[in-house]
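To get the working numbering, take the position in the sequence shown, counting from 1, and add 59. Yeah, the Cβ is synthetic: ideal placement off N, Cα and C, and Gly gets one too.
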Amino acid sequence: MQKSVSTKIKAFTIMEMTVAMVIASISIAITYSAFTIINQSYREFHKKNIFLAKLLVTDKLFKKDFSKAVSINKEPEGISFKMDSGIISYSFNSDYILRNQFGLRTDTLHFIIINPATTFEMREASNGEKIDQLSFQVNANGKLIYYSYQKLYSAADFYLR
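(1) By a C-beta neighbour count over all protein chains shown, 10 Å radius and 16 as the cutoff for buried, is Phe104 buried or exposed?
(2) Name the one or two DSSP bridge partners that Ile146 has.
(3) Using only the alpha-carbon positions, how far apart do Lys133 and Lys107 sit?
(4) May I ask you to report which of helix, strand or coil DSSP gives Ser86?
(5) Would the beta-carbon of Tyr206 fall within 9 Å of that of Gln196?
(6) Per DSSP, which residues does Glu183 bridge with? Please list them.
(7) Can you tell me where the beta strand (DSSP E) holding Leu193 begins and where it ends?
(8) From the DSSP secondary-structure annotation, give me the bridge partner or partners of Leu157.
(9) Can you name the start and end residues of the beta strand (DSSP E) that Leu203 belongs to?
(10) Rounded to whole angstroms, what is the Cα-Cα separation between Asn159 and Ser86?
(11) When the Cα of Phe234 is compared with those of Met76, Ile131, Thr167, Ala79, which residue comes out closest?
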């Protein structure tokens, strides 16, 4: 008779492998969920920052144009700034603002402008009249931001022109 030699191989049991796979799948699911949540938050943060950066650039443009303008007139579609070097016009549409600089370049500013008001000495200006104040609101992700720009004219501005 021959003796059978049984050798024992060191290995993991099926139960140990199942437990390890369950633990690994749970940790992968948690990691994937956390990644999805963080990625979505970053996309929303990035979108909001791009919108606010565009809003700041628009604000700078209005401030610069108001400060350097010789005169500002109300037009049927918006306003026009008479500068020493030419005319800059803004057209207010329902979904965007068009800024035409000296007839050479047109910028499209994608903002929803609410209640634009143009006044001269605290009374509403008609088409073709000078204005000294522009005010409007912008809808920024459900919050209304109020903007107001003012041009200070001197007596010489009216006397010489």
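In this structure, then:
(1) Burial call: exposed.
(2) DSSP output for Ile146 lists Lys141 as bridge partner(s).
(3) So the two alpha carbons sit approximately 32 Å from each other.
(4) Here Ser86 sits in helix by DSSP.
(5) The criterion of a C-beta distance shorter than 9 Å is satisfied by Tyr206 and Gln196.
(6) Bridge partners of Glu183: Thr178.
(7) That run of the beta strand (DSSP E) goes 192–199.
(8) Answer is Ser150, Thr167, bridged to Leu157.
(9) Counting along the chain, the beta strand (DSSP E) containing Leu203 begins and ends at 202–209.
(10) Approximately 56 Å, taken between the alpha carbons.
(11) This structure cannot speak to residue 234, because the chain is shown only from 60 to 220.
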